[in-house]
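Undergrad:
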Ligand code: 5GP
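Numbering (this note's numbering), first residue to last: 3 to 190.
1) Would you mind stating whether residue 10 and residue 109 have Cβ atoms separated by less than 9 Å?
2) Should residue 84 go down as buried or exposed, given a rule of 16 or more other Cβ atoms within 10 Å for buried?
3) What's the gap between the Cα of residue 62 and the Cα of residue 41?
4) At what residue ranges does the region 26 to 90 contain a whole run of the alpha helix (DSSP H), taking only runs of 4 or more?
5) For the alpha helix (DSSP H) holding residue 120, just list the boundary residues, first then last.
6) Closer than 8 Å by C-beta to residue 150: which residues in its own chain qualify, once you throw out the five before and the five after it? Chain order, please.
7) Under 9 Å, do residue 7 and residue 90 count as touching if we go by C-beta distance?
8) I need the boundaries of the beta strand (DSSP E) containing residue 103, first residue and last residue.
9) State the start and end residues of the unbroken alpha helix (DSSP H) segment that holds residue 160.
10) Spell out the partners DSSP gives residue 168 in its beta bridges.
11) What would DSSP say about residue 7, mapped onto helix, strand or coil?
12) If you pair each beta-carbon of the region 118 to 132 with each one of the region 158 to 166, do three or more pairs fall below 8 Å?
13) Take the Cβ of residue 22 as the centre, count every other Cβ of all protein chains shown within 10 Å, and call the residue buried at 16 or more, exposed below.
14) Is any non-hydrogen atom of the ligand 5GP found closer than 8 Å to the C-beta of residue 41, if you look at the structure I gave you?
15) Could you tell me the alpha carbon to alpha carbon distance between residue 167 and residue 101, rounded to whole angstroms?
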């Protein structure tokens with residue numbers, strides 16, 4: 003059986019990666035499976051354990067690192083985030099295209115380990131729009147918003163490490179472009 007692709011969608015917090023993922027997940031032709039990350043962050047209102055993330059304690063996260071269970075992991079604004087390896091590998095072996103929605107440091111770890119991973123960076127049209135989007139989410143305190151914005155500036159500098167860059171000015175358009183990129187790679 004033909005193995006699936008490992009697809010990494012990354013970009014600054016608030017850029018709309020989640021909205022793009024939601025759109026493309028509805029296209030069955032793409033045979034996508036979403037990789038549920040592990041995080042030490044507390045759930046936001048409406049987030050469900052095992053659906054949005056596997057919410058774990060710092061000790062549980064440390065244990066997963068020690069057991070080599072993570073494909074990649076990174077610290078992001080005071081919390082840890084990582085991709086459980088076995089789940090992603092099993093899905094890829096079953097021919098599913100596995101999509102990871104992660105920050106840049108994790109993406110760089112994956113690019114080093116799996117040179118055939120399809121890496122896509124989503125950019126905001128400009129930094130003011132990114133700030134508007136983070137603020138309109140209304141989920142973070144001012145201090146965390148500032149931390150996420152300054153992190154975004156450093157993340158944007160790593161854009162050239164990606165195979166593709168897609169600007170998310172309009173979610174539908176950005177999602178259509180990401181779909182086309184994936185379809186092209188499915189034919190290889
Ligand atoms: P949030 O707290 O907004 O859900 O996520 C913060 C950042 O962590 C986002 O950029 C998100 O894409 C990233 N992230 C989520 N899961 C993972 C993961 O498994 N690994 C890495 N490296 N980053 C992740």
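Heads up, the beta-carbon is just placed ideally off N, CA and C, and yes, glycines get one too.
TA: Answer, in terms of the structure:
1) Cβ distance < 9 Å, so residue 10 and residue 109 count as in contact.
2) Buried is the call here.
3) One C-alpha to the other measures close to 10 Å.
4) Within the region 26 to 90, complete alpha helix (DSSP H) segments of at least 4 residues are found at 60 to 68, given in chain order.
5) Unbroken run through residue 120 is the beta strand (DSSP E), 120 to 125; no alpha helix (DSSP H).
6) Within the same chain, Cβ atoms closer than 8 Å to the Cβ of residue 150 are found at 14, 15, 16, 79, 136, 142, the five residues on either side in sequence being excluded.
7) With contacts defined by Cβ atoms closer than 9 Å, residue 7 and residue 90 do not form a contacting pair.
8) Element bounds for residue 103: 99 to 104.
9) It is not in any alpha helix (DSSP H) - residue 160 carries neither H nor E in the DSSP assignment.
10) The beta-bridge partner set that DSSP reports for residue 168 consists of 124.
11) Residue state, collapsed to three classes: coil.
12) Yes, the region 118 to 132 is in contact with the region 158 to 166.
13) Per the 10 Å Cβ criterion, buried.
14) Answer for residue 41: yes, Cβ within range of the ligand 5GP.
15) A straight line joining the alpha-carbon of residue 167 with that of residue 101 spans about 16 Å.
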